[in-house]
Amino acid sequence: MNNNETSSTDAMSNDMVMTNLPEPDAPHTSVEWQVWAYSTAAPAYIAEEATVYDGPPDMGGKLLRQGTNGWTCLPANPRGMSDPENGWKDAHEAMALCGDAEVFKWIGAYFAGEIPVMDKDGYAWMLHGDMGEDNTTPMVMNEEDAAPGHWIESGPHLMRMPKDPATLEGMTTDFNSGAPYVMFAGTPYAHVMYPVDGYYDYQAQKK
156 MNNNETSSTD
166 AMSNDMVMTN
176 LPEPDAPHTS
186 VEWQVWAYST
196 AAPAYIAEEA
206 TVYDGPPDMG
216 GKLLRQGTNG
226 WTCLPANPRG
236 MSDPENGWKD
246 AHEAMALCGD
256 AEVFKWIGAY
266 FAGEIPVMDK
276 DGYAWMLHGD
286 MGEDNTTPMV
296 MNEEDAAPGH
306 WIESGPHLMR
316 MPKDPATLEG
326 MTTDFNSGAP
336 YVMFAGTPYA
346 HVMYPVDGYY
356 DYQAQKK
């Protein structure tokens, strides 16, 4: 392999973990900042051509940018903003998510309390992490209500929502090892979490 090929491979590997798009110096209520915050939930090669909304379109979310690659990015935090007047504190609070079409079938069913019906597995990136979940019980929105030892505030990760959750039976639910693990095991919402670099940063801040 020549030096040019090595450089290209290294750059592509870096993009797979974090995007290289700088945060704009703009109000967090601006289209510019929101497009950056939500789209950079995915690697740059997805983020740059993704469709971006300021919220779920089926709940009145406004289109901020039309994309071309079949991926959609938006804020996924059901808790809402801590400061609505000034927008999301950061992309982590927004729980920015970029997913394919199958993932949004899963998300719609999850929040409706229905069983997801999908044509194939779906994938979603959350490179800004999330604000925390009980790893065993769906829809637990705060640590106080979580089962002891099961609360995980995630850093950057990829998720796979399977068409058939039964295919995940027997896979580990241990979120402390750094390996892929199952969240919501034994429920219709079981899915795989794939930690990437920085996944445990928010857990460490709480210790």
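Number 187 in my numbering belongs to position 32 of the sequence shown; there are no gaps in the numbering.
Ideal Cβ placement from N, Cα and C applies to all residues, glycine included.
Between the region 247 to 256 and the region 290 to 302, the count of C-beta pairs closer than 8 Å stays below three; the two stretches do not touch. When the Cα atoms are used, R315 and P350 turn out to be separated by approximately 12 Å. Proximity to E204 across C228, A334, D238, E308 peaks at C228, based on C-alpha coordinates.
In the structure shown, M214 adopts helical secondary structure according to DSSP, grouped into three states. In this structure, DSSP gives P271 a state outside helix and strand, which the three-state scheme calls coil.
Secondary structure at L282: coil, using DSSP grouped into helix, strand and coil.
In the three-state reduction of the DSSP assignment, W306 falls in the strand class, which pools E and B. Exclusion of the five residues before and after A181 leaves E187, W188 as the residues of its chain whose Cβ lies within less than 7 Å of its Cβ. Relative to I201, the option among P303, L218, W226, A267 whose CA is nearest is W226.
By the neighbour-count definition (other C-beta atoms within 10 Å, threshold 16), P311 is a buried residue. Exclusion of the five residues before and after R220 leaves V190, V207 as the residues of its chain whose Cβ lies within less than 6 Å of its Cβ.
In the structure shown, the three-state DSSP call for E240 is coil. Of the other Cβ atoms in all chains shown, fewer than 16 fall within 10 Å of the Cβ of G235; this residue is therefore exposed. In terms of CA proximity to S237, H183 leads the group H183, G216, E257.
Across the structure, D319 and M348 are spaced so that their CA atoms are roughly 16 Å apart.
If you draw a 10 Å sphere on the C-beta of V337, you find 16 or more other C-beta atoms in it, and that means buried.
Around the beta carbon of V272, a 10 Å sphere encloses fewer than 16 other beta carbons of the protein chains shown; the residue is thus reported as exposed. For V207, DSSP records a beta bridge to R220, C228.
Sequence-distant partners of D356 (beyond 5 residues in either direction) whose C-beta falls short of 7 Å from its own C-beta, in its chain, are G310. Per DSSP, A192 is one residue of the alpha helix (DSSP H) stretching across 186 to 194.
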